[in-house]
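This report refers to the structure that appears directly beneath it.
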Amino acid sequence: MSDEKLNKQTMLFSAENRYLCFSLGNERFCIPLLQVKEVIGIPEFTQIPYTPGYFCGIMNLRGKVISVIDMRKKLNITSKGDDENSVIVCDLDNITMGALVDSVDNVIKIEKDKILPKPNMQTSIKNDYIDGIIEHKNLIIVLMNLVKSLSIEDLVHIENSGS
1 MSDEKLNKQT MLFSAENRYL CFSLGNERFC IPLLQVKEVI GIPEFTQIPY
51 TPGYFCGIMN LRGKVISVID MRKKLNITSK GDDENSVIVC DLDNITMGAL
101 VDSVDNVIKI EKDKILPKPN MQTSIKNDYI DGIIEHKNLI IVLMNLVKSL
151 SIEDLVHIEN SGS
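Per the UniProt record's numbering, the sequence shown starts with residue 1, numbered consecutively.
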């Protein structure tokens, strides 16, 4: 087996069961680390007319045009008011997009059997957007499904912007 192939397998294995935690308002969320390409500070956005209010626009990331969605606005979560925002650049089913979040907190390792089922009650966040609940160090963290949080309209805007 080549060194490159072995390094990729090692990287995938080490990212399995790891989640990137981030904050939106006063709430904590996470996504699988395997979906994360990188985390960057707030770039310059080019706004696109006639897009939803939560669509920040597009950014240039080393020559690649990427759409960015403000997850706080998308999920109707009130801002904390500080300026620590970051963009999580994600690969979701062959779509590269940026998710604007209030802060990126840490990476945690959680075994799949420790992920609790999503609540059966209606919350402020659509239940389809949630894959489960994680209890970690006395915190409740929502395991987010970014793919399901994107509507057909979102996908059209992302595709049309060049991602």
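A virtual CB, placed ideally from N, CA and C, is assigned to each residue, including glycine. Fair warning: this is a prediction, and the values are worked out from it, not measured in the lab.
- Item | Whole-number beta carbon distance between residue 142 and residue 90, since they are thought to touch under 8 angstroms | In the sequence shown, the residue the question calls residue 90 occupies position 90. In the sequence shown, the residue the question calls residue 142 occupies position 142. Contact flag wrong, Cβ pair sits at about 16 angstroms.
- Quick one, which of 38, 51, 26 has its alpha-carbon nearest residue 62's? As a working note, residue 62 is residue 62 in the sequence shown. When each option's Cα is compared against that of residue 62, the closest is 38.
- Task: Verify whether the separation of the beta carbon atoms of residue 128 and residue 69 is less than 8 angstroms.
- Result: Reading the sequence shown from its first residue, position 128 is the one you call residue 128. Reading the sequence shown from its first residue, position 69 is the one you call residue 69. The answer is no: Cβ separation not under 8 angstroms.
- Message: To the nearest angstrom, how far is the alpha carbon of residue 46 from that of residue 60?
- Response: For the purposes of this step, residue 46 is taken as the residue at position 46 of the sequence shown. For the purposes of this step, residue 60 is taken as the residue at position 60 of the sequence shown. Approximately 9 angstroms, taken between the alpha carbons.
- Query: Where does residue 58 land, buried or exposed, given buried means 16+ other C-beta within 10 angstroms?
  - Reply: The residue labelled residue 58 in the question sits at position 58 within the sequence shown. Buried, since its Cβ has 16 or more Cβ neighbours within 10 Å.
- What's the call for residue 7, buried or exposed, on a 16-neighbour Cβ count within 10 Å? Numbered from 1 along the sequence shown, position 7 holds the residue referred to as residue 7. Summary for residue 7: the model assigns pLDDT 48, below 50, so the residue's position carries little reliability, and this model does not support an answer.
- From this set, 109, 111, 137, 132, which residue's C-alpha is nearest residue 120's C-alpha? Mapped onto the sequence shown, residue 120 falls at position 120. Considering only alpha carbons, the answer is 132.
- Message: Buried or exposed, going by whether 16 or more other CB atoms sit within 10 Å of the CB of residue 138?
- Response: As a working mapping, residue 138 is identified with position 138 in the sequence shown. Per the 10 Å Cβ criterion, exposed.
- Would you call the region 112-119 and the region 75-87 in contact, with 3 or more CB pairs under 8 angstroms? no
- Task: Check whether the Cβ atoms of residue 96 and residue 66 lie closer than 8 angstroms to each other.
- Result: Working through the sequence shown from its first residue, we reach residue 96 at position 96. Working through the sequence shown from its first residue, we reach residue 66 at position 66. Yes. Within cutoff.
- Message: Below 8 angstroms on the Cβ atoms is my contact criterion, and I expect residue 107 with residue 33 to pass it. Report the Cβ-Cβ distance as a whole number of Å.
- Response: Sequence index remark: in the sequence shown, residue 107 carries index 107 (1-based). Sequence index remark: in the sequence shown, residue 33 carries index 33 (1-based). Right, the Cβ-Cβ distance comes to about 6 angstroms (below 8 angstroms), so this counts as a contact.
- Query: residue 164: which of 41, 109, 74, 16 sits nearest, CA to CA?
  - Reply: The chain is shown only over 1 to 163; residue 164 falls outside these bounds and no answer can be derived.
- Message: Here's a check: name, in chain order, each residue in its chain whose Cβ is nearer than 6 angstroms to the Cβ of residue 18, leaving out the five neighbours to either side.
- Response: Along the sequence shown, one-based indexing puts residue 18 at 18. Here the set comprises 33, 107, 109.
- What's the gap between the Cα of residue 124 and the Cα of residue 98? Position 124 of the sequence shown, counting from 1, holds the residue named residue 124. Position 98 of the sequence shown, counting from 1, holds the residue named residue 98. Taking the straight line joining both Cα atoms gives about 22 angstroms.
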